[in-house]
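Start counting the sequence shown at 382; every next residue gets the next number (my numbering). A virtual CB, placed ideally from N, CA and C, is assigned to each residue, including glycine. The structure presented is a predicted model; accordingly, all values stated were derived computationally and were not measured. What follows is a single structure, written as structure tokens, with notes after it.
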Amino acid sequence: MESELQRIVFVGDLHYQAQDRGYLLCSRALELWRALTLRGNAPPHAFVQVGDLIDGYKLPIDNNKLDLATVGEALRRSPVPAHAIVGNHETYWLPDRAYHLQALKLESFSRVIDGAVRIVLFDVTVDHESYGELTPDRAAWLTAAASAEPARPIVIVQHQPIHVSDEICTHRHYVRNSGDYRRLLARLPNVRMLITGHRHIPEVTTVNSIPQVTLGAFCSYPFTIGELSIDAAAQQAVLRERPLEALCELDASLDFSQMLDASQRMIIADNPDVWRNRPRLTRELADVRISWAAGSKPHFHR
382 MESELQRIVF
392 VGDLHYQAQD
402 RGYLLCSRAL
412 ELWRALTLRG
422 NAPPHAFVQV
432 GDLIDGYKLP
442 IDNNKLDLAT
452 VGEALRRSPV
462 PAHAIVGNHE
472 TYWLPDRAYH
482 LQALKLESFS
492 RVIDGAVRIV
502 LFDVTVDHES
512 YGELTPDRAA
522 WLTAAASAEP
532 ARPIVIVQHQ
542 PIHVSDEICT
552 HRHYVRNSGD
562 YRRLLARLPN
572 VRMLITGHRH
582 IPEVTTVNSI
592 PQVTLGAFCS
602 YPFTIGELSI
612 DAAAQQAVLR
622 ERPLEALCEL
632 DASLDFSQML
642 DASQRMIIAD
652 NPDVWRNRPR
662 LTRELADVRI
672 SWAAGSKPHF
682 HR
């Protein structure tokens, strides 16, 4: 049994492009990414990013291709493995899946990262749409990936969250056929956590008693990431939301305090009901624990 403690850092939507868009400080995304990966205080075993690498909003295809290639190069410069999936901003504003694979140097969109916990990067995006979809082919792939090592715990990483109750969810933030997906998860007992992006609001919900963590956008308030600490010997893991500056050295030229303040003011103005009284670190993400010891069930404790 593996006894080494492992850390994996999960990063929200980057939305990289040259111009900022409201509370999304898109032009600063790669500066922050380089600080996290190249000047980290304690490098993790891996970084995992949850999609929307580029913003692409109403930009020409050639701009988006250049932006995705730039992000791909930044990922490869990480001193530890940096894994990413595509999000709706790639498949909507740059609907060229062959180019996605080429720019990111990938052989497939959905794939497995093996370790004490198996990280399953799962593509549920739909070309020209913001919502996700579980197609029959995707369901078959996920079933095979989970069944390959049924005793090993799985964390699924995908862009769009699963709706916790709707059978068919028509909101652009979710997997459209969420009911089908929930029924599939009921047949995959080794799935212990889901990590998603897309909504830009850090939160944890439960899908079939499985914690589903949604990360905030990386290039906007609250500028936090998810840190998964894995104890293979104890057969448990803890995910915590961490402020970006706690994990890396932020150069003074970044003016991070000003970025934080500006993005907070803009996001409150954009959606005051969600953000006006919301703390920067979300209490519900302070201590999301999972266990895969014999007899344990896929639930979590705050």
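Between the alpha carbons of residue 600 and residue 517, how many angstroms are there, rounded?
In a straight line, the C-alpha of residue 600 is about 34 Å away from that of residue 517.
Going by DSSP, name the residue or residues bridged to residue 387.
The partner list for residue 387 (beta bridge, DSSP) reads 611.
Regarding residue 562 and the ligand SAH, is the C-beta to nearest heavy atom distance less than 7 Å?
With respect to the ligand SAH, the structure offers nothing, as it holds no ligand at all.
Just tell me which of 485, 526 and 391 has its CA closest to the CA of residue 738.
Any answer about residue 738 is impossible in this case: the structure gives the chain only from 382 up to 683.
Where does residue 403 fall in DSSP's three states?
Correct three-state label for residue 403: coil.
Report yes if the C-beta distance between residue 475 and residue 491 is below 8 Å; otherwise report no.
Contact: no.
Which value, in whole angstroms, describes the spacing of the CA atoms of residue 677 and residue 638?
Using only the alpha carbons, I get a separation of about 43 Å.
Report the option in 469, 471 and 484 whose CA atom is closest to the CA atom of residue 457.
Nearest option by C-alpha distance: 484.
So is residue 605 buried or exposed if we call it buried at 16+ other beta carbons inside 10 Å?
Looking at its Cβ environment, which holds 16 or more other Cβ atoms inside 10 Å, residue 605 is buried.
Determine the direct distance from the alpha carbon of residue 542 to that of residue 579, and round the result to whole angstroms.
Spanning the two alpha carbons is a distance of roughly 8 Å.
Using CA atoms only, rank isn't needed, just tell me which of 510, 401 and 499 is closest to residue 472.
Selected option, being the one with the closest Cα: 510.
Got a sec, what are the start and stop residues for the beta strand (DSSP E) residue 644 sits in?
Premise fails: residue 644 lies in the alpha helix (DSSP H), 637 to 651, not in any beta strand (DSSP E).
Given a threshold of 16 other Cβ atoms within 10 Å of its Cβ, counted over all protein chains shown, does residue 425 qualify as buried or as exposed?
So residue 425 counts as buried.
How would you label residue 652, buried or exposed, when you count the other beta carbons within 10 angstroms and need 16 or more for buried?
By the neighbour-count rule (16 or more Cβ atoms within 10 Å), residue 652 is not buried but exposed.
How far does the alpha helix (DSSP H) with residue 483 in it extend, from its first residue to its last?
Here the alpha helix (DSSP H) through residue 483 covers 478 to 485.
With a threshold of 8 Å, are at least 3 pairs of Cβ atoms found where one atom belongs to the region 661 to 671 and the other to the region 447 to 456?
The region 661 to 671 is not in contact with the region 447 to 456.
Below 8 Å on the Cβ atoms is my guess for residue 602 versus residue 404; work out the distance and round it to an integer in Å.
That pair is a contact at about 6 Å.
Grouping DSSP H, G and I as helix and E and B as strand, with all else coil, what is residue 470?
It is helical.
Between the Cα of residue 527 and the Cα atoms of 438, 574, 546 and 650, which residue gives the shortest distance?
Comparing Cα positions, the closest option is 574.
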